[in-house]
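In what follows, a single structure is set out as structure tokens and then discussed.
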Amino acid sequence: MLNDKQLEIFEILKTGENAFITGDAGTGKSYLLREFIEYCKKFGKNVVLCASSGIAAVQIGGVTVHRAFEIKPEPVIPETGKMPRIMKAADVIIIDEISMLRIDLFDRVINTIRKAEKLYHKNIQLIVTGDFNQLPPVITTNDATFLKSRYSLDVINNGAFAFMSPKWEECSFKTLILDEIIRQQDKLFIEALNGIRRGDYDAIKWINENALKKPIPGAITLYATNKRANEKNEQELASIKSVDKTYIGITTGRFSDNEKVVPDRLNLKTGARVMSVVNDVYNQKPHYNNGSLGTVIRLGDYSVLVQFDNGHLEDISYNVWESQTYNVITKINPQTMKEEKELSLDIVGTYRQIPLKLAYSITIHKSQGQTYDAVNLEPYCFAPGQLYVALSRVKSIDKLCLLSPIQNSYLITNPKVKEFYE
Numbered sequence: 378m379l380n381d382k383q384l385e386i387f388e389i390l391k392t393g394e395n396a397f398i399t400g401d402a403g404t405g406k407s408y409l410l411r412e413f414i415e416y417c418k419k420f421g422k423n424v425v426l427c428a429s430s431g432i433a434a435v436q437i438g439g440v441t442v443h444r445a446f447e448i449k450p451e452p453v454i455p456e457t458g459k460m461p462r463i464m465k466a467a468d469v470i471i472i473d474e475i476s477m478l479r480i481d482l483f484d485r486v487i488n489t490i491r492k493a494e495k496l497y498h499k500n501i502q503l504i505v506t507g508d509f510n511q512l513p514p515v516i517t518t519n520d521a522t523f524l525k526s527r528y529s530l531d532v533i534n535n536g537a538f539a540f541m542s543p544k545w546e547e548c549s550f551k552t553l554i555l556d557e558i559i560r561q562q563d564k565l566f567i568e569a570l571n572g573i574r575r576g577d578y579d580a581i582k583w584i585n586e587n588a589l590k591k592p593i594p595g596a597i598t599l600y601a602t603n604k605r606a607n608e609k610n611e612q613e614l615a616s617i618k619s620v621d622k623t624y625i626g627i628t629t630g631r632f633s634d635n636e637k638v639v640p641d642r643l644n645l646k647t648g649a650r651v652m653s654v655v656n657d658v659y660n661q662k663p664h665y666n667n668g669s670l671g672t673v674i675r676l677g678d679y680s681v682l683v684q685f686d687n688g689h690l691e692d693i694s695y696n697v698w699e700s701q702t703y704n705v706i707t708k709i710n711p712q713t714m715k716e717e718k719e720l721s722l723d724i725v726g727t728y729r730q731i732p733l734k735l736a737y738s739i740t741i742h743k744s745q746g747q748t749y750d751a752v753n754l755e756p757y758c759f760a761p762g763q764l765y766v767a768l769s770r771v772k773s774i775d776k777l778c779l780l781s782p783i784q785n786s787y788l789i790t791n792p793k794v795k796e797f798y799e
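To convert, count from 1 in the sequence shown and add 377; that's the numbering used here.
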């Protein structure tokens, strides 16, 4: 069921125009995309679904941009590169998490699409979705040197977003804004989150005054750094006196480490707090979802019994994630007797592991896209968009505890992103 705003955007997507779908966190961007992909399939349109990171690609049932466009994971020369196989058949290309796609990679994608349109005499619809106010592209020191020489960008202060490319304007994106927030219902909390998104320091004051000051028992804690999150998980697990058990992940074929949602070695104890990283697909009304928290009741050889916080008891067995790639199939249309190209999404590797993670803590970066019933937040942040992502993970202000007050310096907004949205 699409809401009115989603339905309005859905109708625009059906026209075949290039589109940039954006909006606040929790407005249902992913759900809208799934509905549109199903629509395309009904009418025989070949859709390429990709994301900027490996984990995101696995979770949405697509592939990484690098894999789809056959690009090596290194600084990209936009003008070079062979024509990817998928372009023979692609009618629609969807890129999720566009905020994390670097300018050089975006340029290569657009150049490839333009060449394919001329070569194969067709129009390809490009849909990009995401929120540039959330997490930016990851840029290493080598990347920064390359980007500065290539684009004359001050990447340290301004980043290297896709919209900074002249090719962004060439795409003539129809900007479609989802503004009906589904995750939160509290009007004052929504207004404060919007203020944080814009860089309004008054919003910090409201959240400091209205968030809880006492830690919420059992709630997940969000930290800005991997070090703090890992320390918290290890300390809490070590404090449990029960015997531990380690579950070993099994990889087959091509399944890279950056695609793995859970670690190769998952160490758990009875009584440990855990989080599901998959949805309940066995019940018409799901008893748990990706992000649901619970407590380990029993450790079996092939499963873990978890008491979720909603009271439901579930034996969580091994899950198999698939790493996929697109291939082109040539078929003869029996009516026209002409060749037609179709895309098939083929499995190239699998990863088998218990779909649980320790849930005492997680980084803000890894929490993006998830919703939690309650959050304890250490609000120190060092990157643009971090604070907004952290605060918007929870549905209600009365389920948010600040372990220390938010300082104005923690609210970091990118001036180029602000200018772009204005």
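We put the beta carbon where it would ideally sit given N, CA and C, even for glycine.
Own chain residues within Cβ distance below 7 Å of residue i, not counting five before or after
i, result
"ASN729", "Correcting the residue type first, residue 729 is Arg in the shown sequence and not Asn. Result list for ARG729: GLY626, ILE627, TYR695, VAL697, in chain order."
"GLY439", "LEU426, CYS427, ALA428"
"LYS591", "CYS778"
"ALA466", "ASN423, VAL705, LYS718, GLU719, LEU720"
"GLU412", "LEU379, PHE387"
Range of the contiguous beta strand (DSSP E) that encloses residue i
i, result
"THR598", "597-600"
"GLY726", "716-730"
"CYS427", "424-428"
"GLN684", "680-685"
"GLY671", "670-676"
"ARG650", "650-653"
"PHE397", "396-400"
"VAL752", "752-754"
"LYS499", "Element bounds for LYS499: n/a, residue is neither H nor E."
"ASP621", "621-625"
"LYS734", "733-735"
"SER744", "Note, SER744: premise wrong, no beta strand (DSSP E); alpha helix (DSSP H) at 741-744."
"LEU777", "777-779"
Buried or exposed by the 16-neighbour rule on C-beta atoms within 10 Å, applied to residue i
i, result
"MET714", "exposed"
"ILE463", "buried"
"GLY668", "buried"
"HIS341", "Missing from the structure shown is residue 341; the chain here goes from 378 to 799 and no further."
"ILE597", "buried"
"ALA537", "buried"
"ASN500", "exposed"
"SER529", "exposed"
"VAL363", "A question about residue 363 goes unanswered here, because the residues of the chain that appear run from 378 up to 799."
"ILE731", "buried"
"ALA615", "exposed"
"LEU690", "exposed"
"PHE420", "exposed"
"LYS544", "buried"
"LEU565", "exposed"
"GLU636", "buried"
Neighbourhood of residue i by C-beta, 8 Å cutoff - its chain only, sequence neighbours within 5 removed
i, result
"PRO782", "ASN585, PRO756"
"VAL442", "CYS427, ALA428, SER429, ILE448, ILE472, LEU478, LEU482, VAL486"
Presumed contact (8 Å Cβ cut-off) between residue i and residue j, rounded CB distance
i, j, result
"TRP583", "ALA569", "5 Å"
"LEU524", "ASP481", "7 Å"
"SER744", "VAL766", "7 Å"
"LEU555", "GLN383", "7 Å"
"SER807", "GLY648", "Residue 807 is absent from the structure shown; the chain starts at 378 and stops at 799."
"VAL771", "VAL752", "4 Å"
"PRO761", "ASN791", "4 Å"
"ILE708", "ASP750", "Note that residue 708 is Lys in the sequence shown here, rather than Ile. Not a contact, Cβ separation roughly 48 Å."
"ILE432", "LEU599", "Actually they are not in contact, since the Cβ atoms of ILE432 and LEU599 sit about 17 Å apart, beyond 8 Å."
"MET541", "LEU496", "With 8 Å as the limit, MET541 and LEU496 do not qualify as a contact, their Cβ atoms being about 28 Å apart."
"ILE533", "VAL505", "Going by Cβ atoms, the distance from ILE533 to VAL505 rounds to 25 Å, so no, they are not a contact pair."
"PHE550", "ALA396", "6 Å"
"VAL639", "VAL654", "6 Å"
"THR623", "ASN644", "5 Å"
Residue range of the alpha helix (DSSP H) that includes residue i
i, result
"GLU636", "That residue, GLU636, is in no alpha helix (DSSP H); it is neither H nor E in DSSP."
"ILE386", "381-390"
"TYR798", "792-798"
"LEU764", "763-768"
"SER526", "518-528"
"GLU691", "Where GLU691 is concerned, there is no enclosing alpha helix (DSSP H), although the beta strand (DSSP E) it sits in stretches over 690-694."
"LEU410", "406-419"
"LEU570", "564-575"
"LEU614", "603-615"
"ILE554", "No alpha helix (DSSP H) holds ILE554; the beta strand (DSSP E) holding it covers 551-555."
"ALA580", "578-587"
"VAL532", "532-535"
"PRO543", "543-547"
Check: residue i C-beta below 6 Å from any heavy atom of the ligand HEM
i, result
"GLU586", "Inclusion of the ligand HEM in the displayed structure is not the case, the ligand content being empty and no account of it being possible."
6 Å Cβ shell around residue i - same chain, five flanking residues per side excluded
i, result
"LEU682", "ILE674, ARG675, ASP692"
Next on the checklist: Ignoring anything shorter than 3 residues, give me the beta strand (DSSP E) runs that lie fully in the region 422-488, in order along the chain.
Outcome noted: 424-428, 469-473
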